[in-house]
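Enquirer: Have a look at the structure that comes next, please.
In UniProt numbering, the protein residues as written are 1 to 133.
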């Protein structure tokens, strides 16, 4: 029930935390490299897994948000932005394309903006105004 009522808040928070995670990852590597003094340890598994956690949370937040939005375009915008984020994160694991590290910031910021906009301007007072009806 909380997810349905607060899906845009949860989505904006999740996307914002994903953005913070992406911004601070390079700093973590610098700190880790200095702390281990020339050791070539891999990135901790739990740190890489946070990407997947943010994707799962974002998926469910978007799923609920599109059910309660009053604008059809918002449904498409949320899903397309999520798909771009998914592809970029998948590419981080597979290295199928050479993308700049900063490319993940655009869909993350996009989801934050879309969830906040949807929460402020596109909410239905009842089930009759929703874009799905």
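Backbone N, C-alpha and C fix where the C-beta goes; we use that ideal spot for every residue, glycine too.
On the premise that residue 111 lies in contact with residue 136, defined as a C-beta separation below 8 Å, what is that separation, rounded to the nearest angstrom?
Expert: Because residue 136 is not part of the residues shown, which for the chain are 1 to 133, the question remains open.
Enquirer: For the alpha helix (DSSP H) that residue 96 lies in, which residues bound it at each end?
Expert: No alpha helix (DSSP H) holds residue 96; DSSP gives it neither H nor E.
Enquirer: Excluding sequence positions up to five away, which residues of its chain have a Cβ less than 6 Å from the Cβ of residue 107?
Expert: Answer for residue 107: 81, 84, 85, listed in chain order.
Enquirer: Would you report the Cα separation of residue 146 and residue 53, rounded to the nearest angstrom?
Expert: No information on residue 146 is available, as it lies outside the stretch 1 to 133 that the chain covers here.
Enquirer: Going by DSSP, which residues form a beta bridge with residue 123?
Expert: Paired residues: 69.
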